[in-house]
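Letter by letter, the sequence shown follows residues 121 to 259 in our numbering.
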Amino acid sequence: MDLAGMTGNAALQETDKESLGKQKRQCRKDIVPQVIHFISTIETEELRSLKIFELSRRFNINASFLSRTFKARRKCTLCEFIQREKIRRAVVLLQREESWPIKKLAVYLGFSSTEYFIRTFKKRIGVPPHRYRQYISNY
121 MDLAGMTGNA
131 ALQETDKESL
141 GKQKRQCRKD
151 IVPQVIHFIS
161 TIETEELRSL
171 KIFELSRRFN
181 INASFLSRTF
191 KARRKCTLCE
201 FIQREKIRRA
211 VVLLQREESW
221 PIKKLAVYLG
231 FSSTEYFIRT
241 FKKRIGVPPH
251 RYRQYISNY
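Okay, here's the thing in structure tokens:
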């Protein structure tokens, strides 16, 4: 916008609006890596029940805006990313906690049912968790 023809106060307000717009755009760039880092490093107990609303409150940003921005930058939804993180942790736990039944693992990671966990695990990894456990125990 051309600030030359404006009065001092109007020009200052317009400059403030432009500055705020730049800050918002910068926030869009910065928020996604911060959210990814947070999700990747929180304790599993927190991840188990993590909701987008809680993330938005933590980062002081609107939940819808956070979801849209995340999807635009990562090409997956925030819910899908959280689910992928749970499956990543399931892989680690299957290696470390060999005595845990699959049901206990599903509950620990916050899946609504064992069947849903198995379906999700197979979709992401290619084999069900019990087969994956058998495979890694042979090596």
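For each residue, glycine too, the CB sits at the ideal point set by N, CA and C.
- Taken atom to atom, the span from the alpha-carbon of serine 257 to that of glutamine 215 is near 8 Å.
- Arginine 239 and phenylalanine 231 have their alpha carbons spaced roughly 11 Å apart.
- The stretch 199 to 207 makes contact with the stretch 155 to 169; the number of CB pairs closer than 8 Å reaches 3 or more.
- The alpha carbon of arginine 178 has as its nearest neighbour, out of Thr234, Gln154, Thr197, the alpha carbon of Gln154.
- Excluding sequence positions up to five before and after threonine 234, its CB lies within less than 7 Å of the CB of Ile222, Lys223, Ala226, all in the same chain and listed in chain order.
- A Cβ-Cβ separation of about 29 Å leaves valine 247 out of contact with phenylalanine 190 under the 8 Å criterion.
- Comparing alpha-carbon positions, the option among Glu163, Glu174, His250, Gln254 lying closest to cysteine 199 turns out to be Glu174.
- A residue is called buried when at least 16 other Cβ atoms come within 10 angstroms of its Cβ; alanine 210 meets this threshold and is buried.
- The three-state reading of DSSP puts threonine 197 in coil, since its state is none of H, G, I, E or B.
- The beta carbon of phenylalanine 241 lies closer than 7 Å to those of Ile207, Ala210, Pro248, Pro249 in the same chain, with the five residues before and after it left out.
- In this structure, the straight-line span from the alpha carbon of isoleucine 245 to that of asparagine 182 is close to 33 Å.
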